[in-house]
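The structure appears below as structure tokens.
Protein chains: 2
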Amino acid sequence: MLRQNDPREISPQGDGLLKGIAVDPVIFGFHENQLKVLIIEHTNTGLYALPGGYIQEAEDLDEAAKRILTMRTGLGDVYLEQFHVFGKHNRTDPEVVKEILLGQGFTPSEDHWSLKRFISVGYYALVDYTKTKLTTDPTTGGCDWYDFDKIPPLIFDHRFIIEKALNTLRDNLDQRLIGFNLLPAIFTMGELHTLYETILGKKLLSPNFQRKMLGLGILERIEKKKTGKAHKSPYLYRFKSGGQLEQD
Amino acid sequence: MLRQNDPREISPQGDGLLKGIAVDPVIFGFHENQLKVLIIEHTNTGLYALPGGYIQEAEDLDEAAKRILTMRTGLGDVYLEQFHVFGKHNRTDPEVVKEILLGQGFTPSEDHWSLKRFISVGYYALVDYTKTKLTTDPTTGGCDWYDFDKIPPLIFDHRFIIEKALNTLRDNLDQRLIGFNLLPAIFTMGELHTLYETILGKKLLSPNFQRKMLGLGILERIEKKKTGKAHKSPYLYRFKSGGQLEQD
Numbered sequence: 471m472l473r474q475n476d477p478r479e480i481s482p483q484g485d486g487l488l489k490g491i492a493v494d495p496v497i498f499g500f501h502e503n504q505l506k507v508l509i510i511e512h513t514n515t516g517l518y519a520l521p522g523g524y525i526q527e528a529e530d531l532d533e534a535a536k537r538i539l540t541m542r543t544g545l546g547d548v549y550l551e552q553f554h555v556f557g558k559h560n561r562t563d564p565e566v567v568k569e570i571l572l573g574q575g576f577t578p579s580e581d582h583w584s585l586k587r588f589i590s591v592g593y594y595a596l597v598d599y600t601k602t603k604l605t606t607d608p609t610t611g612g613c614d615w616y617d618f619d620k621i622p623p624l625i626f627d628h629r630f631i632i633e634k635a636l637n638t639l640r641d642n643l644d645q646r647l648i649g650f651n652l653l654p655a656i657f658t659m660g661e662l663h664t665l666y667e668t669i670l671g672k673k674l675l676s677p678n679f680q681r682k683m684l685g686l687g688i689l690e691r692i693e694k695k696k697t698g699k700a701h702k703s704p705y706l707y708r709f710k711s712g713g714q715l716e717q718d
Numbered sequence: 471m472l473r474q475n476d477p478r479e480i481s482p483q484g485d486g487l488l489k490g491i492a493v494d495p496v497i498f499g500f501h502e503n504q505l506k507v508l509i510i511e512h513t514n515t516g517l518y519a520l521p522g523g524y525i526q527e528a529e530d531l532d533e534a535a536k537r538i539l540t541m542r543t544g545l546g547d548v549y550l551e552q553f554h555v556f557g558k559h560n561r562t563d564p565e566v567v568k569e570i571l572l573g574q575g576f577t578p579s580e581d582h583w584s585l586k587r588f589i590s591v592g593y594y595a596l597v598d599y600t601k602t603k604l605t606t607d608p609t610t611g612g613c614d615w616y617d618f619d620k621i622p623p624l625i626f627d628h629r630f631i632i633e634k635a636l637n638t639l640r641d642n643l644d645q646r647l648i649g650f651n652l653l654p655a656i657f658t659m660g661e662l663h664t665l666y667e668t669i670l671g672k673k674l675l676s677p678n679f680q681r682k683m684l685g686l687g688i689l690e691r692i693e694k695k696k697t698g699k700a701h702k703s704p705y706l707y708r709f710k711s712g713g714q715l716e717q718d
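Protein chains in written order, with our numbering: chain P, 471 to 718; chain F, 471 to 718.
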């Protein structure tokens, strides 16, 4: 398979790849009451970015997004959904791309394909933080979770892409119940409550929230969480067997 | 300006255009209780399609969508929103593209840029049918409204794009009140009711619907429709002055 992140393996014309189109996945996780986003650092540059990549000529767009996500982060099968295309004509900057390639020890020609205009297809992914084990390919300097309010400055319009992804997540949270993808298989009502409050950025009344969630008929109460104080321990929940989360 | 729909004005390499990316607008109208979609016929081919086009190198994606819509149909400033990218690697067919170009009297070389793979960015537009005056550019054979259930067979995945657009419209109808863009400036509650029923494809209880719409606080009742039978005439409504419809 084309190790397309290494510029030495691609011709200056970008043969074998779709020209001018990139995929940028926004990967959300949730841990210790914090919404987190996965950010990479381009090798030897101090430049932070979404874990993006390119589409191969004989590859469906959605397949490319999955492959890029796995290649960049080591994450396997996760909830991944396209949400918007970013198409401002000046959204990328050839000087920044040059810097990234130089960081990999590669000096591009002036008409190198990767210095031209790129449209980016934004995807967002929701992953169970407790199950993620991050790995990176050799051209990625680092790959780490950042609290949403501590994301470093990013290249191009990547910050804007993240904000648009969060807005989409907010819009879809009630309608499609996708937020559960961010939780472990077993969770307390309090954890679910905090997740919703964190994503929506506002307080939700506890009794109302619990009534609404239980009213959906998709949760099964299984046992009390072991905390040592049985009478105060919260119940644990999981999805009813056969319960399906919408995957579009 | 590049009259980019005439293949004779573009080099075989597609210079000046973004390669491999098209824009396909799904334009909805509403008339005589029918949801309608604007379909073009490619000159001398009998091939029906969405009124699509290409993006210029120095043009924002959203600007390209507006320009293409105007060029193909004559429609000016309308509600237009991106909704999905269609990226199956085999979604277009070079033989069909050849047929379209031959219909314009142009024989493409085997490696002509337009015969390669294309990703399409789908936009949907909502227009006031009563205000539309359709015109076409010379490479478009015809441009007409079709009732949703009478759309002819279309090239590529254009039928699928239309269905995805309708699903998006349904999802957004309540949340964003965009359906009003399909109505004239003044309308009856019955017309609004029928519009919603037609888009959603189901019956809505009349008193509930009216209560909900009036409860939004965005409608102003102005006068009775002149029908000759004053006591049975329905009231006319319009948006309150200063009322804004969301435009994303």
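Each residue gets a CB set at the ideal place from its N, CA and C atoms; glycine is no exception.
On a predicted model such as this, the values are computed, not experimentally measured, just so you know.
Problem set entry | Contacts that residue 587 of chain F makes with chain P (C-beta to C-beta distance below 9 Å) | If you number the second sequence from 1, residue 587 of chain F lands on position 117. Here the neighbours are 488, 527 and 528.
Exercise. Is the shortest distance between the beta-carbon of residue 718 of chain P and the beta-carbons of chain F less than 8 Å?
Worked result: On the first sequence, position 248 is the one that residue 718 of chain P refers to. Because the pLDDT of residue 718 of chain P is 37, which lies under 50, any placement of that residue in the model is unreliable, and the question is left without a value.
Exercise. When you compare each of F/619, F/683 and F/483 to residue 579 of chain F by their alpha carbons, which one comes out closest?
Worked result: Stepping through the second sequence from its first residue, residue 579 of chain F is reached at position 109. Comparing Cα positions, the closest option is F/483.
Problem set entry | Residues of its chain near residue 559 of chain F, where Cβ-Cβ distance is below 7 Å and the 5 sequence neighbours each way are ignored | Locating residue 559 of chain F in the second sequence gives position 89, counting from the first residue. Excluding residues within five positions, the ones whose Cβ falls inside 7 Å are 587.
Problem set entry | Any C-beta of chain P under 8 Å from that of residue 552 of chain F | For the purposes of this step, residue 552 of chain F is taken as the residue at position 82 of the second sequence. For residue 552 of chain F, the closest Cβ of chain P is nearer than 8 Å.
Problem set entry | Under 8 Å by beta carbon: chain P residues contacting residue 491 of chain F | As a working mapping, residue 491 of chain F is identified with position 21 in the second sequence. Chain P residues near residue 491 of chain F: 490, 491 and 589.
Exercise. Chain P beta carbons: is any one of them nearer than 8 Å to that of residue 582 of chain F?
Worked result: Here residue 582 of chain F is taken as the residue at index 112 of the second sequence, counted from 1. The C-beta of residue 582 of chain F comes no closer than 8 Å to any C-beta of chain P.
Problem set entry | Any C-beta of chain F under 8 Å from that of residue 558 of chain P | Position 88 of the first sequence holds residue 558 of chain P. Yes, because at least one Cβ of chain F sits closer than 8 Å to the Cβ of residue 558 of chain P.
Exercise. Is the segment 600-616 of chain P touching the segment 503-510 of chain P in the sense that three or more CB pairs, one from each, lie closer than 8 Å?
Worked result: yes
Exercise. Candidates P/650, P/684, P/581 and P/555: which alpha carbon is nearest residue 599 of chain P's?
Worked result: As a first step, residue 599 of chain P must be located in the first sequence, where it is residue number 129. The option with the nearest alpha carbon to residue 599 of chain P is P/650.
Exercise. Under 8 Å between C-beta atoms, does residue 566 of chain P make it to chain F?
Worked result: For this step, residue 566 of chain P is matched to residue 96 along the first sequence. Not closer than 8 Å to any Cβ of chain F, the Cβ of residue 566 of chain P fails to qualify, so no.
Problem set entry | Beta-bridge partners of residue 519 of chain F, as assigned by DSSP | Start at 1 with the first residue of the second sequence, and residue 519 of chain F comes out as number 49. Beta-bridge pairing links residue 519 of chain F to F/510.
Exercise. Leaving out five residues before and five after residue 604 of chain F in sequence, what residues of the same chain have Cβ atoms less than 7 Å from its Cβ?
Worked result: The residue labelled residue 604 of chain F in the question sits at position 134 within the second sequence. Same-chain partners within the cutoff: 543, 544 and 613.
Problem set entry | 8 Å Cβ cutoff met for residue 534 of chain F and residue 526 of chain F | Translated into the one-based positions of the second sequence, residue 534 of chain F becomes position 64. Translated into the one-based positions of the second sequence, residue 526 of chain F becomes position 56. Yes.
Problem set entry | Given 8 Å, three or more beta-carbon pairs between the segment 658-678 of chain P and the segment 477-493 of chain F | no
Problem set entry | Within-8 Å CB hit, residue 531 of chain P to chain F | The residue given as residue 531 of chain P occupies position 61 in the first sequence. Residue 531 of chain P counts as touching chain F.
For this session: Return helix, strand or coil for residue 582 of chain P, following the three-state DSSP convention.
Result: Mapped onto the first sequence, residue 582 of chain P falls at position 112. Three-state DSSP puts residue 582 of chain P in coil, outside helix and strand.
Exercise. Helix, strand or coil: which one does DSSP assign to residue 654 of chain P?
Worked result: As a working mapping, residue 654 of chain P is identified with position 184 in the first sequence. Residue 654 of chain P falls in the coil class under three-state DSSP.
Exercise. Under a CB-based cut-off of 8 Å, is residue 496 of chain F close to chain P?
Worked result: If you number the second sequence from 1, residue 496 of chain F lands on position 26. Chain P, which has no Cβ nearer than 8 Å to the Cβ of residue 496 of chain F, makes this no.
Problem set entry | residue 572 of chain F, buried or exposed, once every other Cβ within 10 Å from all chains shown has been counted against 16 | The sequence position of residue 572 of chain F within the second sequence is 102, counting from 1. Classification for residue 572 of chain F: exposed.
For this session: Find the nearest neighbour of residue 504 of chain F within the set F/521, F/561 and F/620, judged by alpha-carbon distance.
Result: Here residue 504 of chain F is taken as the residue at index 34 of the second sequence, counted from 1. Checked all of F/521, F/561 and F/620; the closest Cα to residue 504 of chain F is F/620.
Problem set entry | Extent of the continuous beta strand (DSSP E) run through residue 555 of chain F | Taking the first residue of the second sequence as position 1, residue 555 of chain F is located at position 85. 549-556 is the span of the beta strand (DSSP E), which, as asked, contains residue 555 of chain F.
Problem set entry | Whether residue 657 of chain F touches residue 666 of chain F by CB criterion (8 Å) | Taking the second sequence and counting its residues from 1, one reaches residue 657 of chain F at position 187. Taking the second sequence and counting its residues from 1, one reaches residue 666 of chain F at position 196. No, they are not a contact pair.
For this session: For residue 590 of chain P, I'd like the list of residues in its chain whose CB is within less than 6 Å of its CB, leaving aside the five on either flank, ordered along the chain.
Result: As a first step, residue 590 of chain P is located in the first sequence; it is residue number 120 there, counting from the start. 492, 494 and 556.
Exercise. Beta strand (DSSP E) containing residue 689 of chain P: first to last residue?
Worked result: Here residue 689 of chain P is taken as the residue at index 219 of the first sequence, counted from 1. Element bounds for residue 689 of chain P: 689-694.
For this session: Have a look at F/632, F/519, F/524 and F/691 and flag the residue whose alpha-carbon is nearest the alpha-carbon of residue 487 of chain F.
Result: Sequence index remark: in the second sequence, residue 487 of chain F carries index 17 (1-based). Comparing Cα positions, the closest option is F/524.
For this session: Could you tell me the boundaries of the beta strand (DSSP E) in which residue 617 of chain F lies?
Result: The sequence position of residue 617 of chain F within the second sequence is 147, counting from 1. Start and end: 610-617.
Problem set entry | Own chain partners of residue 693 of chain P with C-beta closer than 6 Å, once the 5 adjacent residues on each side are dropped | Position 223 of the first sequence, counted from the start, is the residue given in the question as residue 693 of chain P. So the qualifying residues of the chain are 706.
For this session: Give a yes or no on whether 8 Å exceeds the smallest Cβ distance from residue 714 of chain F to chain P.
Result: Within the second sequence, numbered from 1, the residue matching residue 714 of chain F stands at position 244. Low per-residue confidence applies at residue 714 of chain F: pLDDT is 47, beneath 50, and the placement is therefore not dependable, though the value from the model is reported in the following sentence. By this cut-off, residue 714 of chain F is not an interface position.
For this session: Would you identify the three-state DSSP class for residue 504 of chain F, choosing helix, strand or coil?
Result: One-based indexing of the second sequence puts residue 504 of chain F at position 34. It is a strand residue.
Problem set entry | residue 645 of chain F classed as buried or exposed, judged by whether at least 16 other C-beta atoms fall within 10 angstroms | Taking the first residue of the second sequence as 1, we reach residue 645 of chain F at position 175. So residue 645 of chain F counts as exposed.
For this session: Determine whether the Cβ of residue 555 of chain P lies closer than 8 Å to any Cβ atom of chain F.
Result: Translated into the one-based positions of the first sequence, residue 555 of chain P becomes position 85. Chain F, which has a Cβ nearer than 8 Å to the Cβ of residue 555 of chain P, makes this yes.
Exercise. Does the beta carbon of residue 471 of chain F sit closer than 8 Å to a beta carbon anywhere in chain P?
Worked result: To locate residue 471 of chain F, count along the second sequence from 1; it is residue 1. Note on residue 471 of chain F: pLDDT 36, under 50, position unreliable in the model; no value is reported.
Problem set entry | For residue 703 of chain P, the three-state DSSP class (helix, strand or coil) | The residue given as residue 703 of chain P occupies position 233 in the first sequence. Note: residue 703 of chain P maps to coil in three-state DSSP.
Problem set entry | residue 438 of chain F, buried or exposed, once every other Cβ within 10 Å from all chains shown has been counted against 16 | Limits of chain F in this structure are 471 at one end and 718 at the other, which puts residue 438 of chain F out of reach.
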